[in-house]
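Enquirer:
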Amino acid sequence: MNKVEILETPIKSEGDKKEYRLIKLKNGLKALLIKTFTDVDKTDPDENCASASLMVSIGSFHEPREIGGLAHFLEHMIFMGNRKYPEESGFNDFVTANRGRRNAMTSDEFTLYFFDSFEEAFPEALDRFANMFISPLLSKNAMQREREAVDSEYQMAISNEGARILSIFKLLIKDTHPASQFDFGNLRTLKDEISDDDLHAALLEFFKLYVANKMCVCVQSKRSLDEIQALVIEKFSDIPSDSDVPYVMPTTEFNFDKLIKPQFYEKIFYVKPKIAKKGIVITWVLPQQITNNQCKPLNHISKIFENSGEGGIASWLKEQNLTINFNMHSESEGIGFNHNFSIARLVMELTDHGMENIEMILKAIFSYLLMLKETPVEEHRRIFEAEQKSAEISFKYHQESSPITNVRNYGTNFLYNDDIDLLRTSLTPQFSEHAITEVINHMNELRFNLLFLSEKYENYTKKESYFDTEYDELDFPEAYKKLWYNRKLNEAFFLPKPNPFEANNYEIKVNEEESPKYPVKILDNESFEVWHKLDNKFLLPKVDIEIELFAPKHLNSAYNYLLFTIFKNMFRFHVRKKFSQAFEAQLSGYLSLGRTGARLSFSGYSDKIELFIELFLKEIKNVNEIVNESTFELFKNEQKEDFISSLKNIRNLGGEYQGKVLMNKFHLDYDMYKLIDQISHEDVARIVPKVLKHLKFKVLAMGNLTRDETLRIANLLDKNFDYQPHEETFEVRRRGYQLPLGVNVMRIKSFMKDDDNSYIKSYYQIGQKTKKNFNMGKILKRLTDPKVYDILRSKWQLGYAVGCSLETYGGVMGFSFIVMSQEHKHKFTEVHKKIIEFVSILTTAVEELTDDEFEKLKEAQIKELQNDVLSLGEESGRYWDEIVSEYYVFNKNEIYVDVTRELTKTEFQEFYRSFMSPENQRSICFQVIGINESNDQNTDSNNDELNLEFVSEKYSEHNIITDIEAFQRDLYLYPELKSID
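Residue 681 in UniProt numbering sits at position 681 of the sequence shown, with consecutive numbering throughout.
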């Protein structure tokens, strides 16, 4: 047997019931073994998934400069078959058939691969996974196809504002550092600028860096630690090692001048945004922070910057109508977190007023930085210790995550943490005055970068070559330097005060009578429907409370819905500032909006939750204080910008119009965008009391609170709302339209200028949801998933993002195929034809399905239904969905298991034919068409207003939809689905 070294076990939370072991194989590979906690009361030990990850400390920083994106490309190619399992889609097919997922990510200093699968299939899945790193084929044929997928992924990222800003930052890093290079990969770097022979040779050479002593494996399973260890030794011992190569990139001494070009701080930059937003990005390049993991100075500083309460700059800037959004980013991976340097980045989305008053914003930020520097170190220690205590409590009362989340997170921890700390990276056990002061001092030097996003700046003379980012650079203005050198403390800015909302009592409440299997209704009258369940599963001092303010009467129009949306946003800002310390104490209060009313969600430690809810509810009555005229325009403009951002996302836009076509009473973001300029401060102030005048409360309280405490919360609702019960009945659920027989097409042009990414979704309607057809639809998705990936993506290379989905709109089910492609590669008409061709292939697979294959699909579906919930929030969410929909089927998954067991292959095939056979198809292809020169000569690039354009040209015999109301006029509207038979 291969020798294995048992290493010191990482420290775990006392609330973590899993078992751990850290080992090192003879070839140098480290492995963290995790035994999932098994509840002895559970009868099925195989109901959850096992998972594994492999992190190799090779990333984009290690690739040859002349082949940008080689590391990312290798990440793709690793999955494309190996000597033992040569099928290109073999790994994906196997894990998908066993309810699994697989993915990977390439960072600067590492690449991470991960997957999960059912327990019984896990040994073979792990063998397939390990062989990807023992003997990948890396064939030239697959290489020639898979680079198309890398390029498609790149094309989808071109319009991403963060990627475009990063492309400018890379220009300011000296060429001698690998952070300066283009590392995404596209056809230019992987095809046009290199021959296939040279690329293939480079790929094989780069893979040689994938050696065992640079790898760390993480495996979680319900098997014993000894069994997991035996699996890891068996599967991973054949990966070769290289003792001459260091395990990680060594930490180097920070030298700003050798790393960063002087233009970084001597110039300011203007960048033309893809989405019409205005903003400032301030970037600091700092010494690496990996060796400060015990203190995490950037986390400390970020939390101070993002303080939305008294003394914070975030709320001050918003109150002055200068900013819409304010975020301080300190990266924990990627270009801003490596062994050479780190990055802090302040990102502000500005109002028009803010764009006109840049100096006012900079003056405030410069003053805030000075405050950080001048604040006595003991004040920083006080804040740090409060953060430290909060993190320790969170660690102690461990909340379980899925196995795939665990192995993904722990996999990256290997590179930046000591073995003993692999499980507790959220903790900050040591306050370091030196580490915090060093970062603050660096941030108080005039050596940061200022970048402005502006669609109105007119002198964009330069273009970055990979993301086509238009930009200009100017000398750092003397006026800004003057602001810096003359900065003074502002009495409005100070560190947060001691927190009155911190929990002190963490006692777990126990009462068997109040801990049934499912929630129990404890109050039911014309105004209240209250459900309660005292937790006896997770045993944490936390609660999860959901409240619906059922008030559909005045939310039935897009106009009123928009007005209440503005109020919701103003209220969120108001409570975020007023209760910032409650949020810091890990209490959460959130107002959201649904079609039938508002919803309140509360969670956090049970000790102070009742106090928090009482104070929170009192604020809802302060409509006149919240909806004040001075900030109304700010929130209106913020909502308008949100609409623009959402509508420019082709996936969102396609989904919006799918909902509009398939359901009644659907409010489009586009319609509200067109209405928003008409609304006034008075309109919003009037609608809120109208909406809240007639209410019924639905409440679900779960976790560490008793029945009596839940009734007290219901009493707080009754006391704080001036309401009357409803005098009429309303539909709780939307209703769906039955589509006409045949294929329909709805084409609209993308709102994103100069972006030829298209979204094509072919939807096939099934009919009203039933228990049987829902579970047959889930089986169909399980059968289809690997075929979509193998054919639409790997073989046909229609796009990087492909998929299929089982969907329910207005109680009516449908099955969809999705492709996001680029017009210069595959026209939308071609993609639609290919989807139709794929349906023919799928039909053959369904008809030729063997009994054994069908039984395996059924078994996989049953196991997924038997999966246990992992958190209080997940359990609460399941029950809450049943309550607000008024189905109240809390044991739905158990019922579905019984239904699935009874299904036959013949029933499944008949089900498929009932909506997928050509004579039975009721289909719509939703197409959002990317804009390029070949398909849109008339786009007015200077017009900032969004105006929807339907494409009416017929490219086939299919019916074209250009008027939704006219299309729906003669359609059958299904009745409200009041139960799932």
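Don't be surprised by glycine CBs; every beta carbon is placed ideally from N, CA and C. No experiment lies behind these values; they were computed from the predicted model shown.
(1) Along the beta strand (DSSP E) that carries H532, what are the first and last residues, could you check?
(2) Going by DSSP, what residue range makes up the alpha helix (DSSP H) through V869?
(3) Are L549 and L695 close, meaning C-beta to C-beta below 7 Å?
(4) Quick one: give me the first and last residue of the alpha helix (DSSP H) that W796 is part of.
(5) Quick one: give me the first and last residue of the beta strand (DSSP E) that M371 is part of.
(6) Using DSSP with H/G/I as helix, E/B as strand and the rest coil, what is R447?
(7) Which value, in whole angstroms, describes the spacing of the CA atoms of V4 and P136?
(8) What is the residue span of the alpha helix (DSSP H) that D475 lies within?
(9) What number of angstroms, rounded off, separates the C-alpha of V219 from the C-alpha of R913?
(10) Who are the near neighbours of S241 in its chain, counting only those whose CB is closer than 8 Å to its CB and skipping five residues on each side?
(11) Which parts of the segment 705-788 are runs of the beta strand (DSSP E), unbroken and 3 residues or longer, counting only runs that do not cross its ends?
(12) By DSSP, does V543 sit in helix, in strand, or in coil?
(13) Hey, is the segment 534-541 in contact with the segment 634-647, meaning 3+ C-beta pairs nearer than 8 Å?
(14) Measuring alpha carbon to alpha carbon, tell me which of K222, G185, Q155 ends up nearest K35.
(15) Kindly provide the ranges of any alpha helix (DSSP H) runs that are 4 or more residues long and lie completely inside the segment 584-670, ordered along the chain.
(16) Residues in the same chain with beta-carbon distance under 7 Å from L948, minus the five sequence neighbours each way, listed in chain order, please.
(17) Quick one: what's T425 bridged to in DSSP?
(18) Return the Cβ separation of I545 and S603 in integer angstroms, given the expectation that the two are a contact with Cβ distance under 8 Å.
(19) For E976, which of helix, strand or coil comes out of DSSP?
(20) What residue from D475, D16, K272, Q658 has the CA that sits closest to A163's CA?
(21) For V691 versus H832, is the C-beta spacing smaller than 7 Å?
(22) My output table needs one value for T9: the three-state DSSP class, helix, strand or coil.
(23) Can you find a heavy atom of the ligand NAD that lies under 6 Å from the Cβ of L171?
(24) Can you give the Cα-Cα distance for L716 and N525, rounded to whole angstroms?
(25) Can you tell me where the alpha helix (DSSP H) holding Q968 begins and where it ends?
(26) Closest by CA to residue 1044, which one among G312, P786, Q822?
(27) Flag this pair as touching only if the segment 55-68 and the segment 228-238 have three or more C-beta atom pairs under 8 Å; answer yes or no.
(28) Applying the 10 Å Cβ sphere with the 16-neighbour rule, what's the burial state of E119?
(29) Tell me whether Y416 sits in a helix, a strand or coil according to DSSP, three-state version.
(30) Specify the secondary structure class of V248 as computed by DSSP and reduced to three states.
(31) Let me know the secondary structure DSSP gives N409 once reduced to three states.
(32) Assuming Y764 contacts S923 under a Cβ cut-off of 8 Å, what Cβ separation, rounded to an integer in Å, is found between them?
(33) Tell me, please, which residues DSSP counts as bridged to H329.
(34) Could you say which of Q738, E864, F838, E902 lies nearest to L971 if we only look at CA atoms?
(35) Scan the segment 807-847 and note each continuous beta strand (DSSP E) run of 3 residues or more that stays entirely inside, going in chain order.
(36) Take the Cβ of P10 as the centre, count every other Cβ of all protein chains shown within 10 Å, and call the residue buried at 16 or more, exposed below.
Expert: The structure says:
(1) Against the sequence shown, residue 532 aligns to sequence position 532. H532 -> beta strand (DSSP E) spans 528-534.
(2) Here residue 869 refers to the residue found at position 869 when the sequence shown is read from its first residue. First-last for V869: undefined, no H or E at that position.
(3) Stepping through the sequence shown from its first residue, residue 549 is reached at position 549. Stepping through the sequence shown from its first residue, residue 695 is reached at position 695. For L549 and L695, yes; Cβs fall inside 7 Å.
(4) By 1-based counting over the sequence shown, the position of residue 796 is 796. No alpha helix (DSSP H) holds W796; DSSP gives it neither H nor E.
(5) As a working mapping, residue 371 is identified with position 371 in the sequence shown. Not the beta strand (DSSP E): M371 falls in the alpha helix (DSSP H), residues 358-374.
(6) In the sequence shown, the residue the question calls residue 447 occupies position 447. R447: coil per DSSP, three-state reduction.
(7) Within the sequence shown, residue 4 is the residue found at index 4, counting from 1. Within the sequence shown, residue 136 is the residue found at index 136, counting from 1. Cα to Cα, the separation comes out at about 25 Å.
(8) Locating residue 475 in the sequence shown gives position 475, counting from the first residue. Not the alpha helix (DSSP H): D475 falls in the beta strand (DSSP E), residues 470-475.
(9) The residue you call residue 219 lines up with position 219 of the sequence shown. The residue you call residue 913 lines up with position 913 of the sequence shown. Rounded to the nearest angstrom, the two C-alpha atoms are 42 Å apart.
(10) Your numbering for residue 241 matches position 241 in the sequence shown. So the qualifying residues of the chain are N27, G28, L29, V211, A212, N213.
(11) 742-749, 757-768
(12) Here residue 543 refers to the residue found at position 543 when the sequence shown is read from its first residue. Of the three classes helix, strand and coil, the one that applies to V543 here is strand, per DSSP.
(13) no
(14) For the purposes of this step, residue 35 is identified with residue 35 of the sequence shown, where counting begins at 1. Among K222, G185, Q155, the Cα nearest to that of K35 is on K222.
(15) 609-620, 623-626, 629-647, 650-662
(16) Working through the sequence shown from its first residue, we reach residue 948 at position 948. Y670, I748.
(17) Sequence index remark: in the sequence shown, residue 425 carries index 425 (1-based). Note: T425 sits in no beta bridge, so no partner.
(18) For the purposes of this step, residue 545 is identified with residue 545 of the sequence shown, where counting begins at 1. For the purposes of this step, residue 603 is identified with residue 603 of the sequence shown, where counting begins at 1. Contact annotation, I545 with S603: C-beta distance approximately 7 Å; criterion of less than 8 Å satisfied.
(19) As a position in the sequence shown, residue 976 is number 976, starting the count at 1. In this structure, E976 counts as coil in the three-state DSSP scheme.
(20) Here residue 163 is taken as the residue at index 163 of the sequence shown, counted from 1. It is K272 whose Cα lies nearest to the Cα of A163.
(21) Within the sequence shown, the letter at position 691 stands for residue 691. Within the sequence shown, the letter at position 832 stands for residue 832. Going by C-beta atoms, V691 is not nearer than 7 Å to H832.
(22) Here residue 9 is taken as the residue at index 9 of the sequence shown, counted from 1. For T9, the secondary structure class from DSSP, reduced to helix, strand or coil, is coil.
(23) Looking at this structure, you won't find the ligand NAD or any other ligand, since it has none at all.
(24) As a first step, residue 716 is located in the sequence shown; it is residue number 716 there, counting from the start. As a first step, residue 525 is located in the sequence shown; it is residue number 525 there, counting from the start. Rounded to the nearest angstrom, the two C-alpha atoms are 16 Å apart.
(25) Taking the first residue of the sequence shown as 1, we reach residue 968 at position 968. Per DSSP, Q968 belongs to the alpha helix (DSSP H) from 964-968.
(26) The displayed coordinates of the chain run from 1 to 981. Any statement about residue 1044 would go beyond what the structure contains.
(27) no
(28) As a first step, residue 119 is located in the sequence shown; it is residue number 119 there, counting from the start. Around the C-beta of E119, 16 or more other C-beta atoms lie within 10 Å, and the residue is accordingly described as buried.
(29) The count along the sequence shown starts at 1 and reaches residue 416 at position 416. Residue state, collapsed to three classes: helix.
(30) Position 248 of the sequence shown, counted from the first residue, corresponds to residue 248. At V248 the pLDDT is 48, less than 50, meaning the model places this residue with poor confidence; the figure from the coordinates comes in the next sentence. V248 falls in the coil class under three-state DSSP.
(31) Residue mapping note: residue 409 aligns to position 409 of the sequence shown, counting from 1. Three-state result, N409: helix.
(32) For the purposes of this step, residue 764 is taken as the residue at position 764 of the sequence shown. For the purposes of this step, residue 923 is taken as the residue at position 923 of the sequence shown. Their Cβ separation, rounded to whole angstroms, is 5 Å, which keeps Y764 and S923 in contact under 8 Å.
(33) Here residue 329 corresponds to residue number 329 of the sequence shown, with the count starting at 1. For H329, DSSP records a beta bridge to R345.
(34) What you label residue 971 is simply residue 971 of the sequence shown in a count that begins at 1. Comparing Cα-Cα distances from L971 to each of Q738, E864, F838, E902, the minimum goes to Q738.
(35) 812-822
(36) The sequence position of residue 10 within the sequence shown is 10, counting from 1. It counts as buried.
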